[in-house]
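*Asks:*
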Amino acid sequence: MNNRLAFPAAPGVEHLRFANSFASLPAVFYTKLMPTPIPAPYLVAASEQAAQLIGLAPTACASDDFIQIFTGNHAAADSQPLAAVYSGHQFGVWAGQLGDGRAILLGDVAASDGGRLELQLKGSGATPYSRMGDGRAVLRSSIREYLCSEAMAALGIPTSRALSVIGSDQLAMRERPETTAVVTRMAPSFVRFGSFEHWYYNNQAEALRALADYVIAGFYPELLAAENPYQALLAEVTRRTAHLMAQWQAVGFMHGVMNTDNMSILGLTLDYGPFGFMEAYDPRHICNHSDQQGRYAYNQQPQIGHWNCFALGQALLPLIGSVEATEAALSSYQAQYGAKLDELLHAKLGLLSHQPDDDKLLDAMFALMQGSHVDFTLFFRRLGNLRLEQSSADAPLRDLFIDRAAFDAWALQYRARLKMENSQDHSRKLAMDASNPKYVLRNYLAQTAIEHAQNKDFSEVKKLQQILENPFDEQPQHAQYAELPPDWAAGLEVSCSS
Ligand code: AMP
Ligand code: MG
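All residue numbers for the sequence shown refer to the numbering used here, where the first residue is 2 and numbers rise by one.
Put into structure tokens, the structure is as follows:
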């Protein structure tokens, strides 16, 4: 008897059914246009997990159809490609109209969770919003966006996803000529704070309302029942942004360009540019070499997140109806941020309860880390190995500190705090390992993968992405990817050039 099932064929890209809900907005919101083809495209990397989110089999990503569609060289059936308009505040200054200068929305497809995901090409050619830009993205920045999007998702941090990076030998001029690429990004929506600011500052009340209604109906339908849905929208975006900032801080992530045009209305991490993960701990660290004033330094991110919510609030004010109601929606930010950060830091320290002196313990810890330039990721990961009683297991953690006596004094307090709540070594380590990643996308790791890829060896991009898919797992065979950056990495500078 034949007892083998006839498995359905793995779904390929031809199974994607595009719609475009954004295109249901009035025509002033976008320009319909086709991507500009790129010559001789080749697959650099594709994320199997991202592919799964839209029901694509891993093998589908290697097909020629996939490459042609996700460069924009071939139009996907039923897609209605468009570039959206938006504006924004850049470095605190009103910048006026920006828009998708090098991004083209193909449309949205069914997601495996029952929702829909928009697919957007980045680097697919000039649009009416390109201003002086060439509409392209270089391979270097495309790989960084791809790797970090997928790494953040694996860390459990809300983010746009990256389906693929497809390269071309076509050059774009940056500080030097560089080869280009197209990244396909995925998110339920790419609407930004700056999308609302655009209509507010152009005195387009109807368009402003249309956008707010579109966002609420599509992505926050539960708010329709609120007494003032626009106020409820601002309050909910404020809450999500506060939580996102706490998650960034807790993992040492620095975005680098928190302009309002890079802030997602869904509270996702969006528009990866000169981002970085904190290494030698310095709360004033600036990851973006172009940010001379340090507006977006690590320790500024939480308050900039709030400032950006105010910018959104200003734009929504005509819909909300009063300054008081708008300020009320913004007012919970600090409490939301503080509570979330507190929760995350307690988890990072393996603390189950909250005690009045915990802030002092945390402050002392961060001061020590700063004093000894301790690596952020290594510190928390190794802290999980500390036992209630002093032992040789302390050494790798203790060795991170220049001032060992100060560390010993702090460890004494930490141990006393752990004992106060009857903490157990084994279960605490398990819990801490699930909160403190071993692997993050250090700049030097990205740089190494990029340099290999620039020489047409894409194996390092793939390997790094796979390691970062399980950032909390030990993966002893990849332990060198968790190590301190090598000396050459000290000279790495990441700017806005992309
Ligand atoms: P970003 O700083 O990457 O968020 O970009 C800010 C604005 O500049 C957005 O409107 C982008 O679409 C636009 N932009 C950035 N780079 C380019 C480029 N190479 N070509 C066209 N527009 C670009
Ligand atoms: Mg941007």
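Each residue gets a CB set at the ideal place from its N, CA and C atoms; glycine is no exception.
Could you tell me the alpha carbon to alpha carbon distance between Phe408 and Phe402, rounded to whole angstroms?
*Replies:* Within the sequence shown, numbered from 1, the residue matching residue 408 stands at position 407. Within the sequence shown, numbered from 1, the residue matching residue 402 stands at position 401. If I take the Cα positions, the gap works out to 7 Å.
*Asks:* Using a 10 Å radius around the Cβ and a threshold of 16 neighbouring Cβ atoms, would you call Arg132 buried or exposed?
*Replies:* By 1-based counting over the sequence shown, the position of residue 132 is 131. Per the 10 Å Cβ criterion, exposed.
*Asks:* From Ala454, Ala406 and Lys349, pick the residue whose C-alpha is nearest to that of Pro438; which is it?
*Replies:* Residue numbering aside, residue 438 sits at position 437 when the sequence shown is read from its first letter. Considering only alpha carbons, the answer is Lys349.
*Asks:* In or out: Val324 buried (at least 16 other Cβ within 10 Å) or exposed?
*Replies:* Here residue 324 refers to the residue found at position 323 when the sequence shown is read from its first residue. Looking at its Cβ environment, which holds fewer than 16 other Cβ atoms inside 10 Å, Val324 is exposed.
*Asks:* Return yes when the Cβ of Ser161 is within less than 9 Å of the Cβ of Ser169, no when it is not.
*Replies:* Along the sequence shown, one-based indexing puts residue 169 at 168. Along the sequence shown, one-based indexing puts residue 161 at 160. Their beta carbons are not under 9 Å apart, which means Ser169 does not touch Ser161 by this criterion.
*Asks:* For Tyr147, report the span of its beta strand (DSSP E) as first-last.
*Replies:* On the sequence shown, position 146 is the one that residue 147 refers to. Unbroken run through Tyr147 is the alpha helix (DSSP H), Leu140 to Ala155; no beta strand (DSSP E).
*Asks:* I'd like to know if the region 190-210 and the region 314-334 are in contact, where contact means that at least 3 CB-CB pairs between them fall below 8 Å.
*Replies:* Enough Cβ pairs lie closer than 8 Å, so yes.
*Asks:* What did DSSP end up calling Met187 once you bin it into helix, strand or coil?
*Replies:* Taking the first residue of the sequence shown as position 1, residue 187 is located at position 186. Three-state result, Met187: strand.
*Asks:* Which residues does DSSP pair with Trp95 in a beta bridge?
*Replies:* Along the sequence shown, read from residue 1 onward, the residue named residue 95 stands at position 94. Its beta-bridge partners are His90.
*Asks:* Rank Gly116, Arg382 and Phe92 by C-alpha distance to the C-alpha of Leu54 and give the top, closest one.
*Replies:* By 1-based counting over the sequence shown, the position of residue 54 is 53. Minimum Cα distance to Leu54 is reached at Gly116.
*Asks:* Can you give me the Cβ contacts of Lys341 inside the same chain, cut-off strictly under 7 Å, excluding the 5 residues immediately before and after it?
*Replies:* Here residue 341 refers to the residue found at position 340 when the sequence shown is read from its first residue. For Lys341, where only same-chain residues beyond five positions count, the Cβ hits under 7 Å are Ala243, His244 and Ala247.
*Asks:* When we look at the beta-carbon of Trp249 and count the other beta-carbons within 10 Å, is it buried (16 or more) or exposed?
*Replies:* If you number the sequence shown from 1, residue 249 lands on position 248. Answer is buried; the Cβ neighbour count reaches 16.
*Asks:* Mapping DSSP to helix, strand and coil, what is Glu325?
*Replies:* By 1-based counting over the sequence shown, the position of residue 325 is 324. Glu325: helix per DSSP, three-state reduction.
*Asks:* Around the ligand MG, which residues pass a check of Cβ closer than 6 Å to any of its heavy atoms?
*Replies:* Spelled out in chain order, the answer is Asp262, Asn263 and Asp272.
*Asks:* Can Val94 be considered in contact with the ligand AMP, in the sense that its beta carbon sits closer than 8 Å to one or more heavy atoms?
*Replies:* Along the sequence shown, read from residue 1 onward, the residue named residue 94 stands at position 93. No, the Cβ of Val94 stays beyond 8 Å of every heavy atom of the ligand AMP.
*Asks:* Thinking C-beta only, is Gly13 closer than 9 Å to Asp66?
*Replies:* Taking the first residue of the sequence shown as position 1, residue 66 is located at position 65. Taking the first residue of the sequence shown as position 1, residue 13 is located at position 12. Against a cut-off of 9 Å, the Cβ pair of Gly13 and Asp66 comes out as a contact.
*Asks:* Figure out for me which residue from Phe220, Thr37 and Leu446 has the closest Cα to the Cα of Val238.
*Replies:* On the sequence shown, position 237 is the one that residue 238 refers to. For Val238, the nearest C-alpha among the options comes from Phe220.
*Asks:* Quick check: is any heavy atom of the ligand AMP less than 8 Å from the C-beta of Gly102?
*Replies:* Along the sequence shown, one-based indexing puts residue 102 at 101. Because some heavy atom of the ligand AMP lies under 8 Å away, the Cβ of Gly102 counts as near it: yes.
*Asks:* For the region 199-286, list the alpha helix (DSSP H) runs that are entirely contained and at least 4 residues long, ordered along the chain.
*Replies:* If we require 4 residues or more, the alpha helix (DSSP H) runs fully inside the region 199-286 come out as 206-220 and 230-252.
*Asks:* My output table needs one value for Leu34: the three-state DSSP class, helix, strand or coil.
*Replies:* Taking the first residue of the sequence shown as 1, we reach residue 34 at position 33. Reduced to three states, the DSSP call for Leu34 is coil.
*Asks:* Less than 9 Å separating the beta-carbons of Val288 and Gly257?
*Replies:* Translated into the one-based positions of the sequence shown, residue 288 becomes position 287. Translated into the one-based positions of the sequence shown, residue 257 becomes position 256. With the sequence shown as reference, residue 288 is identified as Cys, and Val is not the correct amino acid for it. Result yes, Cβ atoms of Cys288 and Gly257 sit closer than 9 Å.
*Asks:* Within 8 Å: the Cβ of Val258 and any heavy atom of the ligand AMP?
*Replies:* By one-based count along the sequence shown, residue 258 stands at place 257. Yes, the beta carbon of Val258 sits closer than 8 Å to at least one heavy atom of the ligand AMP.
*Asks:* Determine the extent of the alpha helix (DSSP H) in which Leu106 is found, giving its start and end residues.
*Replies:* Working through the sequence shown from its first residue, we reach residue 106 at position 105. Taken as a continuous stretch (DSSP letters only), Leu106 belongs to no alpha helix (DSSP H), being part of the beta strand (DSSP E) at Ala104 to Ala111.
*Asks:* Tell me the rounded alpha-carbon separation between Gln478 and Asn444.
*Replies:* For the purposes of this step, residue 478 is taken as residue 477 along the sequence shown, with counting starting at 1. For the purposes of this step, residue 444 is taken as residue 443 along the sequence shown, with counting starting at 1. C-alpha separation (whole angstroms): 21 Å.
*Asks:* Mapping the DSSP letters down to three states, classify Leu164 as helix, strand or coil.
*Replies:* Along the sequence shown, one-based indexing puts residue 164 at 163. In the structure shown, Leu164 sits in a strand (DSSP, three-state: E or B).
*Asks:* Looking at the unbroken alpha helix (DSSP H) that takes in Tyr334, where does it start and where does it end?
*Replies:* As a working note, residue 334 is residue 333 in the sequence shown. Per DSSP, Tyr334 belongs to the alpha helix (DSSP H) from Tyr334 to Lys349.
*Asks:* If we count the other Cβ atoms within 10 Å of its Cβ and call it buried at 16 or more, is Gly492 buried or exposed?
*Replies:* The residue labelled residue 492 in the question sits at position 491 within the sequence shown. Gly492 is exposed by the Cβ-count criterion.
*Asks:* Using a Cβ-Cβ cut-off of 6 Å (strictly less than) and excluding sequence neighbours within five positions of Pro178, which residues of its own chain qualify?
*Replies:* Numbered from its first residue, the sequence shown carries residue 178 at position 177. Once the five neighbours on either side are set aside, the close Cβ partners of Pro178 are Leu172.
*Asks:* Within this structure, are the beta carbons of Thr128 and Ala84 separated by less than 9 Å?
*Replies:* As a first step, residue 128 is located in the sequence shown; it is residue number 127 there, counting from the start. As a first step, residue 84 is located in the sequence shown; it is residue number 83 there, counting from the start. A contact, by the Cβ cut-off of 9 Å.
*Asks:* Within its chain, find whatever has a CB closer than 6 Å to the CB of Thr327; leave out the 5 residues flanking it on each side and keep chain order.
*Replies:* If you number the sequence shown from 1, residue 327 lands on position 326. Correct list, in chain order: Gly314, Leu318 and Ile321.
*Asks:* Kindly indicate which residue of Lys430, Asn4, Leu118 and Gln476 has the alpha-carbon position closest to the one of Pro189.
*Replies:* The count along the sequence shown starts at 1 and reaches residue 189 at position 188. Among Lys430, Asn4, Leu118 and Gln476, the Cα nearest to that of Pro189 is on Leu118.
*Asks:* Under the criterion of a Cβ to heavy atom distance below 8 Å, does Tyr221 qualify as lining the ligand AMP?
*Replies:* Here residue 221 refers to the residue found at position 220 when the sequence shown is read from its first residue. Not under cutoff, so the answer is no.
*Asks:* Taking 8 Å as the line, does the beta carbon of Ala173 fall inside it for any heavy atom of the ligand AMP?
*Replies:* By 1-based counting over the sequence shown, the position of residue 173 is 172. Under cutoff, so the answer is yes.
*Asks:* Can you tell me which of the three DSSP states Arg5 falls into?
*Replies:* Numbered from 1 along the sequence shown, position 4 holds the residue referred to as residue 5. If DSSP states are grouped into helix, strand and coil, Arg5 belongs with coil.
*Asks:* Using the Cα positions of Leu57 and Leu413, report the straight-line distance between them to the nearest angstrom.
*Replies:* Residue 57 sits at position 56 when you count from the first residue of the sequence shown. Residue 413 sits at position 412 when you count from the first residue of the sequence shown. In a straight line, the C-alpha of Leu57 is about 52 Å away from that of Leu413.
*Asks:* Which value, in whole angstroms, describes the spacing of the CA atoms of Pro40 and Ala61?
*Replies:* As a position in the sequence shown, residue 40 is number 39, starting the count at 1. As a position in the sequence shown, residue 61 is number 60, starting the count at 1. Each residue's alpha carbon lies about 21 Å from the other.
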